[in-house]
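Down below is the structure, laid out as structure tokens.
2 protein chains.
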Amino acid sequence: MNTPADQFGGRASLTRRISDDIRRRILAKEWAPGEKIHSESELSTNYKVSRVTVRTALKTLEYQGLVDIRHGSGTYVNNFGRSIPTGLNELRSMSETISELGYEPGMEYKVATIRPATKTEIDKLRLDNADPVLYLERAVLADGKAVAFSYDTINISSLPEEVVEEMKQGSVFASLDTINSRPIRALAEVDAVISKEIGWGDERPANDLFLLLQQVHYAGDGEPLMYSKTYFMEGRFQFLILRTR
Amino acid sequence: MNTPADQFGGRASLTRRISDDIRRRILAKEWAPGEKIHSESELSTNYKVSRVTVRTALKTLEYQGLVDIRHGSGTYVNNFGRSIPTGLNELRSMSETISELGYEPGMEYKVATIRPATKTEIDKLRLDNADPVLYLERAVLADGKAVAFSYDTINISSLPEEVVEEMKQGSVFASLDTINSRPIRALAEVDAVISKEIGWGDERPANDLFLLLQQVHYAGDGEPLMYSKTYFMEGRFQFLILRTR
DNA sequence: TAGTCAATAGTTGTCCTACAACTAGTCTTG
DNA sequence: CAAGACTAGTTGTAGGACAACTATTGACTA
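Protein sequence lines, in the order shown, are assigned to chains A and B. So the mapping is simple: our numbering equals the position in the first sequence, first residue as 1, plus 10. So the mapping is simple: our numbering equals the position in the second sequence, first residue as 1, plus 10.
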């Protein structure tokens, strides 16, 4: 075969691959902030895809806040600096985010058990009865230093046993990847919390202050996969949100 | 004239108008969560626009998390309930958000002065020197009750004087609307804060706990319009973020 | 000279038609 | 009854065309 897509590979949609590649080029500073990037026709001939595909890809980047498309003029790189690509709008695993920020990611497991689901978990994960779930308590590390404490509940009702075993030690996202059911969407709620019950070890903040990110991850078919409460220690992490009209 | 767009009016792009209308129909429960909506061809003949326009509009709704587009199958309404439309991803004024949640919005002005910009403000608003700015301190009310305290700095260097005067009392967004320069993008940072310096009156929280939303609003041409720090009182407001891949 | 306006080339927005790729159900066949 | 082929319907991509808009250039005017 010699389809135009072959220069990239993978089985994601053509639009997705083009979008990812242009994103990469922008982050690699191929164009300076505020600068006009190549026109849609030019990109489409270079990538050997139709203009429709390029347009859809650029629309994605516009929605992510990376570029600004102006009718009759061109597509311009926004100058939000390095902020956007590490924002909360894009769903990434903690490890991915940490390494994108230039730190060495790590996890410290405190609890990893299979137990019946609680009422809240049955509700959030849309379980029918007291199905067993995988419950994890972990410290999230950046360069060996704890930045957050995470309390996660994973819906294992449709997961093979070996994958569940793997999750007890490694990255949850990575394990889900192996069976091709990585979450594609998450709904997160943010709260400020003061509590002496949260966290452990001598890296806990003295004032008991945390930023709580409470979220439910969903699979491609809309099924809830994981319910997690992550308590971030103030000042050791930056949360950015891009808001658009 | 009798162009296809006439059934809606306004001068927003065709795609934008179609997208808004389908969004309205979904929120009006025309289709139940999980249900498949009309096909792209059907929508395009009904709206009397091309399938390309409908596709672009649906893509927008997919980014917003309202629908799920499945290759070869159809477009399905996501079942996130009423959460998404009030989320942080869409840029709305405080008043808009509060009334969407079913409360009566209000503002209580404490300070409204024009003064030279501080160092931080010069940086955030990209001002050249110590230009004068409009500084506001306000309590945000829902049903007459304070839910947040807001400290806002507005870049008035390119605003006519009467608009600035109007802002001292009414809604900032509404005033900007009159001269057609409403912000279209904002970059927000979220923090948890404990401070005795924030807020006033007897509705302040006893534990001095706030969720800080620190954001810069940008106009369509990329110019920073407003830098604001809004301190929300924990529990009186819900912050939702949709994260997608 | 300075300012206004028309012309123009370039770019994004929308349209049309066609076909490829995929999904989910129906039907056939052993 | 189960497995596989078939099929109608839907989204993804292609290619070409024109409309709408932007920014610049250059001519004309006061």
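Virtual Cβ for every residue (Gly too), placed ideally from N, Cα, C.
Residue environment analysis places residue 186 of chain A among the buried positions, since at least 16 neighbouring C-beta atoms fall within 10 angstroms of its C-beta. Counting along the chain, residue 184 of chain A sits inside the alpha helix (DSSP H) bounded by residues 182-188. Bounds of the alpha helix (DSSP H) holding residue 53 of chain A are 50-57. Distances from the alpha-carbon of residue 232 of chain A to those of A:196, A:225, A:243 and A:26 put A:196 closest. Of the residues assessed, residue 207 of chain B falls on the exposed side of the cut-off, its CB having fewer than 16 other CB atoms within 10 angstroms. Around the C-beta of residue 73 of chain B, 16 or more other C-beta atoms lie within 10 Å, and the residue is accordingly described as buried.
Straight-line spacing of the CA atoms in residue 253 of chain B and residue 112 of chain B works out to 25 angstroms.
Under a criterion of Cβ atoms nearer than 7 angstroms, the residues of chain B adjacent to residue 244 of chain A are, in order, 201 and 202. Contacts between residue 100 of chain B and chain A, judged by CB atoms closer than 9 angstroms, involve 253, 254 and 255 in chain order. In the structure shown, residue 113 of chain A falls within a coil segment according to DSSP collapsed to helix, strand and coil. Around residue 194 of chain A, the same chain offers 230 as residues with beta carbons nearer than 6 angstroms, after the five sequence neighbours per side are excluded. Annotated three-state conformation of residue 197 of chain B is strand, per DSSP. Per DSSP, residue 96 of chain B lies in no alpha helix (DSSP H) segment and is marked neither H nor E.
By the neighbour-count definition (other C-beta atoms within 10 Å, threshold 16), residue 225 of chain B is a buried residue.
For residue 78 of chain A, at least one C-beta of chain B is nearer than 8 angstroms to its own C-beta. Secondary structure note for residue 239 of chain B: its beta strand (DSSP E) is the uninterrupted segment 234-243.
When the beta-carbon positions are compared, residue 158 of chain B and residue 241 of chain B come within less than 8 angstroms of each other. One thing to note: residue 84 of chain A has its Cβ within 8 angstroms of the Cβ of residue 49 of chain A. Looking at the backbone, the Cα of residue 148 of chain A and that of residue 219 of chain B are separated by about 26 angstroms. Residue environment analysis places residue 154 of chain A among the exposed positions, since fewer than 16 neighbouring C-beta atoms fall within 10 angstroms of its C-beta.
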